[in-house]
Amino acid sequence: MRLEKDKIIERQLRFQELLISISTTYINADISDIDQIIQKSLKQIGEFVESDRSYIFSYDFTNNTTTNTYEWCAQGITPEIDNLKNIPLDFIPQWLEAHRKSEAFWVEDVSALPDDGELGLKAILEPQGIKSLITIPKIKNNELVGFIGFDSVNKLNKYNDREKEILFVYANMLVNLEQRKEYEERIQEQEAKKQELLEHLSQQNKALNEYAHVVSHDLKAPLINIHTLVSWFMDDNKDKITEDEYFPLQKVLFNVEKMDLLIKGILDYSTIDRIDTEDSLVNLNKTIEEVLQTLLIPEHITIKAQNNMPTLFGNTWRFKQVFQNLIQNAVKYCDKTQGRVEVGFTENEDMYQFFVKDNGIGINPNYFHKIFKIFTKLESTGSSSGIGLSIVEKIIKYYKGEIWVESKEGMGTVFYFTLPKTL
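No gaps in the numbering here: position 168 of the sequence shown is 168 in full-length UniProt numbering, and each next residue is one more.
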């Protein structure tokens with residue numbers, strides 16, 4: 001008697017070890033391998049409980065049917081999976097009732113079932129050669145979704161309560177694995193949609209940039225003609241034009257120049273992603289020096305730049321645009337009799353942090369979120385297109401950096417931006 005109990009305990013321990021092994025496989029499984037892993041586990045469990053056929057069915061309560069989705073058969077056993085699709089639930093009322101109660105349904109001896117007609121349970125099972133079977137419900141989120149089953153064809157088979165409990169554990173493991181597959185497939189689908197959207201947006205942005213570039217370029221020629229013709233007319237007729245007539249003509253020139261500045265900004269903005277010249281090592285000291293030579297700096301403003309600026313690998317035109325727009329901005333909004341502009345940097349572990357600092361009029365913090373938006377100006381003048389800071393931000397983001405501003409009204413502004421050491 002003791003020996004028999006020891007055998008039972010040993011068998012249950014081996015059953016538990018098998019489940020632990022299957023569970024570990026499930027946890028580490030790649031979703032692309034799940035079908036094969038489920039098939040393998042059906043074979044392992046089926047062989048352990050000495051069944052001849054193990055399988056998984058799904059319930060479809062919309063159509064009141066059940067379908068065989070996975071099946072393992074021992075050698076010499078005829079597969080039934082192709083014959084068990086969309087089986088009406090009316091054929092299996094007994095085990096459906098048990099499954100709805102989250103209970104197992106088993107038949108120890110099919111031949112002992114009552115003869116209840118050609119659609120009865122005995123009439124369904126005996127043609128498949130089944131002598132014994134057990135089915136365990138699969139419950140997902142408190143809903144019955146299917147069942148696992150084990151057929152014995154060559155002999156009668158009994159299942160004790162402990163084995164039934166372990167089979168319930170296996171059923172829950174299957175549900176968890178299937179849920180994981182559903183979740184990961186949903187995530188992959190969302191990622192695919194996200195990637196498709198990003199590619200679509202990228203194409204749209206590219207098309208818009210190209211359109212802006214072409215349109216802006218085409219607008220420059222007629223603007224130049226208008227400016228030239230008006231200027232010629234004013235020069236040729238300066239002795240005949242009255243003051244009242246002179247003012248609207250001057251206004252035309254003012255607006256043409258304003259439009260020209262705007263078009264140049266759009267061209268620069270749309271050019272950022274279009275540059276096809278090769279990148280190279282750029283000495284930022286030399287870049288800033290060349291920028292300062294092109295700017296008109298009033299005598300009352302002093303510009304001081306660190307003389308140890310780093311050398312970065314990138315595009316010279318882009319770097320010039322950044323420093324030109326920031327320094328030009330600092331000069332333009334200086335309201336002090338002694339204006340100061342400082343350009344410098346600090347070095348961090350994997351990036352450089354640059355700054356352009358001035359002691360000008362400053363910016364109201366309420367406008368910080370607006371200043372980098374294209375065509376945004378905090379005041380209306382003919383010398384501003386509202387694109388300069390947008391160009392700066394676009395270039396910094398192109399190089400995977402960040403830009404931000406700190407400012408106090410009446411005291412000045414500091415623009416900070418970062419650039420990775422390896423671009």
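Where a beta carbon is used, it is the ideal one built from N, C-alpha and C, also for glycine.
- Message: Give me the residue from I371, G410, G412 and M411 with the minimum Cα distance to I403.
- Response: Against the sequence shown, residue 403 aligns to sequence position 403. Of I371, G410, G412 and M411, the residue nearest in Cα terms is I371.
- Assuming I303 and I327 form a contact by the criterion Cβ under 8 Å, report the distance between their Cβ atoms to the nearest whole angstrom. Start at 1 with the first residue of the sequence shown, and residue 303 comes out as number 303. Start at 1 with the first residue of the sequence shown, and residue 327 comes out as number 327. For I303 against I327, the beta-carbon gap comes to about 7 Å, under 8 Å, which counts as contact.
- Use the C-beta contact count for N324: other C-beta atoms within 10 angstroms, 16 or more gives buried, fewer gives exposed. One-based indexing of the sequence shown puts residue 324 at position 324. Residue identity check: residue 324 is Gln in the sequence provided, not Asn. That one is buried.
- Message: Whole angstroms are fine: how far does the CA of V392 sit from the CA of Q321?
- Response: If you number the sequence shown from 1, residue 321 lands on position 321. If you number the sequence shown from 1, residue 392 lands on position 392. Put simply, the backbone Cα of Q321 is about 7 Å away from that of V392.
- Message: Our contact map puts I139 next to G149 with C-beta atoms below 8 Å; I'd like the distance itself, whole angstroms only.
- Response: As a first step, residue 139 must be located in the sequence shown, where it is residue number 139. As a first step, residue 149 must be located in the sequence shown, where it is residue number 149. Between G149 and I139 the Cβ distance is about 15 Å, and since that is not below 8 Å, they are no contact.
- Is N285 closer than 8 Å to N307 when the C-beta atoms are compared? Counting from one through the sequence shown, the residue named residue 307 turns up at place 307. Counting from one through the sequence shown, the residue named residue 285 turns up at place 285. For N307 and N285, yes; Cβs fall inside 8 Å.
- Task: Buried or exposed for K85, please, with buried defined as at least 16 other CB atoms from any protein chain shown within 10 angstroms of its CB.
- Result: For the purposes of this step, residue 85 is identified with residue 85 of the sequence shown, where counting begins at 1. Around the beta carbon of K85, fewer than 16 other beta carbons lie within 10 angstroms, which makes this residue exposed.
- Item | 6 Å Cβ shell around A305 - same chain, five flanking residues per side excluded | Indexing the sequence shown from 1 puts residue 305 at position 305. Cβ neighbours of A305 beyond the five flanking positions: I288 and V343.
- Task: Consult DSSP for G388 and reduce its assignment to one of helix, strand or coil.
- Result: The count along the sequence shown starts at 1 and reaches residue 388 at position 388. Residue state, collapsed to three classes: helix.
- Message: For the structure I just gave you, are there three or more beta carbon pairs, one from the region 153-162 and one from the region 170-179, closer than 8 Å?
- Response: Touching, no.
- One or two residues paired with I27 in a DSSP bridge: Taking the sequence shown and counting its residues from 1, the one referred to as residue 27 is at position 27. Note: I27 sits in no beta bridge, so no partner.
- Give the DSSP-derived three-state secondary structure of T69 in the structure shown. Within the sequence shown, the letter at position 69 stands for residue 69. Secondary structure of T69 (DSSP, three-state): strand.
- Message: I'd like to know if the region 335-351 and the region 290-301 are in contact, where contact means that at least 3 CB-CB pairs between them fall below 8 Å.
- Response: Verdict: yes, contact present.
- Delimiting residues of the beta strand (DSSP E) encompassing V291: The residue given as residue 291 occupies position 291 in the sequence shown. No beta strand (DSSP E) contains V291, which is instead part of the alpha helix (DSSP H) from L284 to T294.
- Task: Report back the beta-carbon spacing between G401 and G362 to the nearest angstrom; my notes put them in contact at under 8 Å.
- Result: Start at 1 with the first residue of the sequence shown, and residue 401 comes out as number 401. Start at 1 with the first residue of the sequence shown, and residue 362 comes out as number 362. Actually they do not touch by this definition, with Cβ atoms about 24 Å apart.
- Query: Quick one, which of K251, S152 and E50 has its alpha-carbon nearest H130's?
  - Reply: Reading the sequence shown from its first residue, position 130 is the one you call residue 130. Contrary to the premise, residue 130 reads as Ile rather than His in this sequence. Comparing Cα-Cα distances from I130 to each of K251, S152 and E50, the minimum goes to S152.
- N-terminal and C-terminal residue of the alpha helix (DSSP H) that Q94 is part of: To locate residue 94, count along the sequence shown from 1; it is residue 94. First-last of the alpha helix (DSSP H) with Q94: P93 to R100.
- Query: For T69 versus F61, is the C-beta distance shorter than 8 Å?
  - Reply: As a position in the sequence shown, residue 69 is number 69, starting the count at 1. As a position in the sequence shown, residue 61 is number 61, starting the count at 1. Contact annotation: T69 and F61 have beta-carbon atoms that are not nearer than 8 Å.
- Message: I want to know whether the region 71-78 touches the region 41-58 - three or more CB-CB distances under 8 Å.
- Response: Segment contact: the region 71-78 against the region 41-58, three or more CB-CB distances shorter than 8 Å; contact assigned.
- Query: Cβ of K421 within 8 Å of Cβ of Y333?
  - Reply: To locate residue 421, count along the sequence shown from 1; it is residue 421. To locate residue 333, count along the sequence shown from 1; it is residue 333. The answer is no: Cβ separation not under 8 Å.
- Rounded distance between the beta-carbons of T242 and L281, thought under 8 Å: Reading the sequence shown from its first residue, position 281 is the one you call residue 281. Reading the sequence shown from its first residue, position 242 is the one you call residue 242. Contact doesn't hold; Cβ gap of about 60 Å is too wide.
- Query: Start and end of the beta strand (DSSP E) containing K304?
  - Reply: Indexing the sequence shown from 1 puts residue 304 at position 304. Element bounds for K304: I301 to A305.
- Is Q39 closer than 8 Å to I22 when the C-beta atoms are compared? Within the sequence shown, the letter at position 22 stands for residue 22. Within the sequence shown, the letter at position 39 stands for residue 39. Going by beta carbons, I22 and Q39 fall outside the 8 Å limit.
- Task: Whole angstroms is fine: what's the gap from F313's alpha carbon to D279's?
- Result: Residue mapping note: residue 313 aligns to position 313 of the sequence shown, counting from 1. Residue mapping note: residue 279 aligns to position 279 of the sequence shown, counting from 1. If I take the Cα positions, the gap works out to 6 Å.
- Is DSSP giving G46 helix, strand or coil here? For the purposes of this step, residue 46 is taken as the residue at position 46 of the sequence shown. DSSP places G46 within a helical segment (H, G or I) once states are collapsed to three.
- Message: Going by DSSP in three states, Q338 sits in which element: helix, strand or coil?
- Response: Locating residue 338 in the sequence shown gives position 338, where the first residue counts as 1. In the structure shown, Q338 sits in coil (DSSP, three-state: anything other than H, G, I, E or B).
- Task: Look up residue 434 in the DSSP assignment and say whether it is helix, strand or coil.
- Result: Nothing in the structure corresponds to residue 434, since the chain is present only between 1 and 423.
- Could you tell me which of Q75, L13, I34 and T24 sits nearest to E47, measuring between CA atoms? Within the sequence shown, residue 47 is the residue found at index 47, counting from 1. Each of Q75, L13, I34 and T24 was checked against the Cα of E47, and the nearest Cα belongs to Q75.
- In angstroms with no decimal places, state the Cα-to-Cα distance between Y367 and Q250. Position 367 of the sequence shown, counted from the first residue, corresponds to residue 367. Position 250 of the sequence shown, counted from the first residue, corresponds to residue 250. In this structure, the CA atom of Y367 is about 33 Å from the CA atom of Q250.
- CB of H227 to nearest heavy atom of the ligand SAM: below 7 Å? In the structure on display, the ligand SAM does not appear, and there are no ligands present to speak of.
- Close-in-space but distant-in-sequence residues of the same chain around D350 (CB under 7 Å, 5 per side omitted): Taking the first residue of the sequence shown as position 1, residue 350 is located at position 350. So the qualifying residues of the chain are P420 and K421.
- Task: Measuring alpha carbon to alpha carbon, tell me which of E126, E17 and D236 ends up nearest I166.
- Result: Here residue 166 refers to the residue found at position 166 when the sequence shown is read from its first residue. For I166, the nearest C-alpha among the options comes from E17.
- Task: With DSSP as the reference, please indicate the residues paired to I396 in a beta bridge.
- Result: The residue given as residue 396 occupies position 396 in the sequence shown. Answer by DSSP bridge pairing: none, since I396 is not bridged.
- Task: May I ask which residues mark the beginning and end of the alpha helix (DSSP H) holding V145?
- Result: For the purposes of this step, residue 145 is identified with residue 145 of the sequence shown, where counting begins at 1. Not the alpha helix (DSSP H): V145 falls in the beta strand (DSSP E), residues E143 to S152.
- Message: Looking only at its chain, what residues have a beta carbon closer than 7 Å to the beta carbon of residue 435, apart from the 5 residues adjacent to it on each side?
- Response: The structure shown does not extend to residue 435, since the chain spans only 1 to 423, so no value can be given for it.
- Message: On a Cα-Cα basis, can you pick out the residue from N329, L121 and V414 that is closest to P365?
- Response: In the sequence shown, counting from the first residue as 1, residue 365 sits at position 365. The shortest CA-to-CA distance from P365 to any of N329, L121 and V414 is the one to V414.
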